[in-house]
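Chemist: The following block contains the structure, expressed as C-alpha cells.
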Amino acid sequence: MKHLFFVWLFTSWAAFGQGLFQPGDTLVNLNILNRGVVKAQAGIDMDTNLFHLSGEGIITAKTSLDSLIGKQVFSVKTTSSETETYDNTITLSFQTKPALIQVHSDKIEMATGLKKDGKIWVVVAVSLILFLGLVGYLVVLDRKLK
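Note that our numbering has the sequence shown beginning at 999, numbered continuously upward.
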C-alpha cells in the first residue's frame, strides 16, 4: 500500500527575514504518518549535519535551513510494530518559498491484515478444502479408468 503525503509549510513575510527553518523546528513527524513509530533508521543519504531523526520518527532541523537551495532527498525506514514496516522518502524542496516537504511512504505489507483479523485461517481452510476436493476427484476418476 502506498501513501503520498504533501505538507506545505507557509511562513509569514516576517518569518522570511528570520529564516525559514530554525534549529529544533519539526520538519516531518513520521510517528503520525506511519501510525505510531517504534523504531526509525535513517538512510545513508540523510545529511546528519542538517537534520536530526529521533527514535520515534520525528525529523527536526539541526541548523538554520534558510540558506539551502535546490532539493534535499533522503530515506528513512520506520517500524510501527513487529509486522508493519515503512520505507519513507522525504523530499525537501527549497526552490520556492514557502518550502515544500513531500513524504512518500511505502508500507511493506505481507498479509498482516489477514493475520491480525484471524481471516488467514479462513483462507487456509478454503484452500485445503479445494485441494482435498481435487485430490478426491482425481482418485475417483482413477478408479473409474481402471
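Ideal Cβ placement from N, Cα and C applies to all residues, glycine included.
Note that the structure is predicted; figures quoted are calculated from it, not measured.
For Thr1094, list the residues DSSP reports as bridge partners.
Modeler: Locating residue 1094 in the sequence shown gives position 96, counting from the first residue. Beta-bridge pairing links Thr1094 to no other residue.
Chemist: So, do the stretch 1021–1035 and the stretch 1048–1060 have three or more beta carbon pairs nearer to each other than 8 angstroms?
Modeler: Short answer: they touch.
Chemist: Applying the 10 Å Cβ sphere with the 16-neighbour rule, what's the burial state of Asn1047?
Modeler: Residue 1047 sits at position 49 when you count from the first residue of the sequence shown. Burial call: exposed.
Chemist: Between the alpha carbons of Glu1082 and Arg1033, how many angstroms are there, rounded?
Modeler: Looking up residue 1082 in the sequence shown gives position 84. Looking up residue 1033 in the sequence shown gives position 35. So the alpha carbons of these two residues sit roughly 10 angstroms apart.
Chemist: Does DSSP put Asp1161 in a helix, in a strand, or in coil?
Modeler: The requested residue 1161 is not part of the displayed model; the chain covers only 999 to 1144.
Chemist: Please determine, among His1050, Lys1075, Lys1069, Ser1065, the residue with the shortest C-alpha to C-alpha distance to Val1036.
Modeler: Mapped onto the sequence shown, residue 1036 falls at position 38. Nearest option by C-alpha distance: Lys1075.
Chemist: Just to confirm, are Leu1028 and Ala1040 a CB contact at a threshold of 8 angstroms?
Modeler: Taking the first residue of the sequence shown as 1, we reach residue 1028 at position 30. Taking the first residue of the sequence shown as 1, we reach residue 1040 at position 42. Taking 8 angstroms as the Cβ cut-off, Leu1028 and Ala1040 do not qualify as a contacting pair.
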